[in-house]
Amino acid sequence: MNEPSIFQPLLPTTRRGRLALAGILLLALAVRLTLWSLPTHLPGNDENEYLAVARDLLAGRGWRFYDAYPWLRAPLYSLYLAGCLWLAGGDAQLALLPNVMLSVLHVYLLWMLGRAFSHHPEGPRRAERAGLWTAAAGATLLTLAAFANLWMSETLWNVLWALALLLLLRWRRTPAWPAAILAGGVIGLAILARSLPWLFLPILAAWMLWHRRGWRGLGYVAGLGLACLLVIAPWTLRNWRAYGAPILVETGFAYNLWAFSEPPLELGQINEILSAIPNPVERADYASAQGRALLSADPTILLRKPWPNTIYLWRVKPIQDRFIQQNYYSDVPLPYFISALIFDDLWYVALLALAAVGLGRAQRDGRLALALLWLGYVAGSTMWTHGEARYRHFFWPILLIYAGQTLARAGSATPRLQRFAAAAVGAGLLALIAANYPLGWAGQNLARGWQRYQASRAVAAGDYQQAEARLLQALEIAPSPDGWIALGRSKALLGASASASEAFRAAVNDKQDYPPATLALGAHLLATGQPTAAREAWANPYADQQVLLDWGWRDQVQPVTTSIAVGDGLDLGLVHH
0 MNEPSIFQPL LPTTRRGRLA LAGILLLALA VRLTLWSLPT HLPGNDENEY
50 LAVARDLLAG RGWRFYDAYP WLRAPLYSLY LAGCLWLAGG DAQLALLPNV
100 MLSVLHVYLL WMLGRAFSHH PEGPRRAERA GLWTAAAGAT LLTLAAFANL
150 WMSETLWNVL WALALLLLLR WRRTPAWPAA ILAGGVIGLA ILARSLPWLF
200 LPILAAWMLW HRRGWRGLGY VAGLGLACLL VIAPWTLRNW RAYGAPILVE
250 TGFAYNLWAF SEPPLELGQI NEILSAIPNP VERADYASAQ GRALLSADPT
300 ILLRKPWPNT IYLWRVKPIQ DRFIQQNYYS DVPLPYFISA LIFDDLWYVA
350 LLALAAVGLG RAQRDGRLAL ALLWLGYVAG STMWTHGEAR YRHFFWPILL
400 IYAGQTLARA GSATPRLQRF AAAAVGAGLL ALIAANYPLG WAGQNLARGW
450 QRYQASRAVA AGDYQQAEAR LLQALEIAPS PDGWIALGRS KALLGASASA
500 SEAFRAAVND KQDYPPATLA LGAHLLATGQ PTAAREAWAN PYADQQVLLD
550 WGWRDQVQPV TTSIAVGDGL DLGLVHH
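Reading the sequence shown from the start, the letters are residues 0 to 576 in numbering that gives the first Met the number 0.
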């Protein structure tokens with residue numbers, strides 16, 4: 000069997016391949032830095048938790064955040080983020096740069112994975128070609144680029160899991176202690192980043208024993224398991240010492256067992272109850288007991304879980320971490336929105352279809368078995384616990400690998416049965432995505448964005464009447480604070496001060512805690528000679544004053560200061576240059 004090497008060579012063997020890989024990595028870096036260069040985004044979802052914990056760690060307050068939180072989280076990403084913040088001097092935006100570089104490293108590892116998972120009798124260059132297609136898919140998938148610019152654990156986990164897969168394939172090719180032990184250690188780190196792989200270990204042990212039977216196979220399994228446990232053990236022992244009982248990694252499963260088993264309470268009420276229990280062990284025990292009671296009272300809950308969780312896992316859903324934005328009330332600029340539709344949504348659907356074809360025509364060996372076991376494990380775990388679109392990150396390494404194989408082998412024949420099975424699975428998932436796609440949201444944003452774009456062109460041409468007409472059409476399609484702000488500025492350009500004030504007030508009334516609306520109203524009132532009214536507008540009780548100050552300072556064009564007037568020209572000799 001002529002399989003490609005796992006780690007060697009580190010670069011493609013041909014000059015053309017090396018140039019292609021360099022281009023792919025540069026493209027990945029450019030896409031991620033473009034998103035990083037956008038104004039600092041508003042933390043959303045789990046970012047608030049990660050940032051708070053990381054800042055506590057930097058300040059020497061330890062893990063006290065979890066003394067009043069619904070769950071205890073796996074620690075590695077918080078430690079990593081604390082290190083990034085320390086390197087960046089506390090600047091959260093600069094702290095994202097290591098994550099950007101990790102994401103580019105992930106693209107490189109995707110090249111190695113695509114090569115390692117491929118098998119072509121014609122020789123290693125075919126495998127390298129599959130690796131290049133895999134890396135190219137990862138470089139251009141906007142989902143991965145966006146998460147590189149979020150204070151979230153997915154990018155770190157992706158890198159660790161890619162390394163673990165490479166080491167497992169290295170062990171499969173030539174069973175040896177170093178590969179098994181290193182794989183176990185890296186899997187331990189991946190579990191400390193996201194605990195999902197923890198229950199995959201027994202499945203992985205069975206896969207290893209299938210490849211290497213007997214006592215030696217058991218020894219390799221024991222070596223991998225022991226290395227994994229040794230990596231996790233310090234955190235488990237720390238929890239035991241801190242809380243009086245061991246928590247292996249985190250308590251998220253206990254929370255999910257209660258929160259997503261059709262409880263009579265709202266999530267906010269559950270969070271409030273659990274946050275009031277200071278000990279994470281007692282908190283997890285209480286949540287588990289509540290969840291088990293719900294399932295005991297109505298076991299059919301388990302039958303009702305898989306289908307909605309499958310939809311939640313695969314659907315496209317507009318959520319906070321979908322776009323990098325200063326504020327989630329902001330309108331997404333049209334070029335960015337179109338890019339997301341193409342390189343996030345359409346590319347996701349295309350890669351899913353390509354991956355189904357690749358899995359259907361793949362070589363029947365241990366690599367495919369490992370891939371299918373992992374996909375089945377993730378799907379099963381989410382179906383009976385809790386599904387979210389973000390959890391597709393756990394699928395992406397495998398999906399990208401087999402999509403890359405399909406692209407590399409375009410035109411190759413596939414046996415009829417395999418082709419039918421792949422088509423059935425792919426068609427089912429694509430139908431699920433299409434049936435749940437937010438077409439109204441996409442159409443509305445495109446139509447509104449187009450009118451706003453035409454309005455900006457009219458302003459540039461000095462046609463303020465046409466700009467106003469376009470902006471009114473945009474507001475008719477979908478009112479938004481940014482739409483009202485744009486209309487107010489257009490009215491101001493026409494000299495209609497009172498109408499401009501009305502538009503700016505409409506923006507504030509639309510979203511009272513939206514900083515740009517408050518700032519725009521105050522700035523307009525100040526510019527029209529109403530300083531008292533401007534101060535009253537800026538004193539908006541619904542807006543965070545520090546956020547207003549930061550946002551206003553950042554958006555002002557500051558002149559370069561070459562000197563500072565001290566004492567109105569009075570020099571007492573106390574200030575020296």
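Note that beta-carbon positions come from the ideal geometry of N, C-alpha and C, so glycine has one too.
No experiment lies behind these values; they were computed from the predicted model shown.
Out of the options, state which residue places its alpha-carbon closest to the alpha-carbon of residue i.
i, options, result
"Gly251", "Pro478, Ala286 and Leu264", "Ala286"
"Glu501", "Ile484, Pro514 and Asp512", "Ile484"
"Arg451", "Leu200, Ala423 and Arg488", "Arg488"
"Ile23", "Leu493, Ala91, Lys490 and Leu140", "Leu140"
"Ala163", "Gly359, Ile397 and Ala402", "Ile397"
"Gly379", "Leu367, Arg366 and Phe393", "Phe393"
"Leu340", "Tyr328, Asn326, Arg321 and Asn44", "Arg321"
"Thr154", "Pro177, Asn98, Leu108 and Gly130", "Asn98"
"Phe259", "Ala179, Gln544 and Ala292", "Ala292"
"Val546", "Ile310, Gln325 and Thr527", "Gln325"
"Ala497", "Leu350, Asp512, Thr527 and Leu474", "Thr527"
"Tyr513", "Leu41, Asn47 and Leu312", "Leu41"
"Leu406", "Asn278, Ser152, Ser117 and Ala204", "Ser117"
"Ala253", "Gly213, Ala446, Ser194 and Arg125", "Ser194"
"Arg31", "Phe419, Ala275, Asn148 and Val158", "Asn148"
"Pro174", "Gly216, Arg447 and Ser152", "Gly216"
"Ala477", "Gly89, Arg124, Ala459 and Ala446", "Ala446"
"Trp176", "Thr381, Ala21, Trp449 and Gly222", "Gly222"
"Leu101", "Ala296, Ser152 and Met382", "Ser152"
Under 8 Å between the Cβ atoms of residue i and residue j?
i, j, result
"Ile144", "Leu34", "The sequence given here places Ala at residue 144; Ile does not occur at that position. Going by C-beta atoms, Ala144 is nearer than 8 Å to Leu34."
"Asp330", "Ser479", "yes"
"Ala519", "Ala506", "yes"
"Thr12", "Ile400", "no"
"Tyr49", "Tyr76", "yes"
"Glu265", "Ile300", "no"
"Tyr65", "Leu56", "no"
"Ala73", "Trp150", "no"
"Gly375", "Ala421", "no"
"Pro317", "Trp395", "no"
"Thr142", "Tyr327", "no"
"Trp234", "Ala192", "no"
"Ala178", "Arg169", "yes"
"Leu524", "Ala536", "yes"
"Leu369", "Trp209", "no"
"Gly183", "Gly224", "yes"
"Tyr311", "Gly425", "no"
"Val280", "Gly243", "yes"
"Val103", "Ala27", "yes"
"Leu84", "Ala53", "yes"
"Asn44", "Gln319", "yes"
"Leu37", "Ile323", "yes"
"Ala436", "Val315", "The question names Ala, but residue 436 is Tyr in the sequence shown. Yes, Cβ-Cβ distance for Tyr436 and Val315 is below 8 Å."
"Leu165", "Met111", "yes"
"Ile180", "Ala226", "yes"
"Trp239", "Leu428", "no"
Taking DSSP as the reference, what is the three-state secondary structure of residue i?
i, result
"Val248", "coil"
"Leu10", "coil"
"Asn577", "Since the first residue shown for the chain is 0 and the last is 576, residue 577 is missing from the structure and cannot be characterised."
"Met0", "Reliability fails at Met0, whose pLDDT of 44 lies under 50, so the model's placement of it is uncertain and no value is given."
"Pro298", "coil"
"Thr405", "helix"
"Pro480", "helix"
"Gln544", "helix"
"Gly222", "helix"
"Ile276", "coil"
"Pro334", "helix"
"Leu20", "helix"
"Arg15", "helix"
"Trp234", "helix"
"Asp90", "coil"
"Thr309", "helix"
"Ile186", "helix"
"Ser102", "helix"
Please give me, in chain order, every unbroken run of the beta strand (DSSP E) with length at least 3 that falls completely inside the segment 504-538. none
At which residue ranges does the segment 408-472 contain complete alpha helix (DSSP H) runs of 4 or more residues, listed in the order of the chain? 415-434 and 438-459
Sequence ranges, beta strand (DSSP E) only - wholly within the segment 342-385, length at least 3: none
Could you pull out every unbroken beta strand (DSSP E) segment of at least 3 residues lying fully inside the segment 112-171, listed in chain order? none
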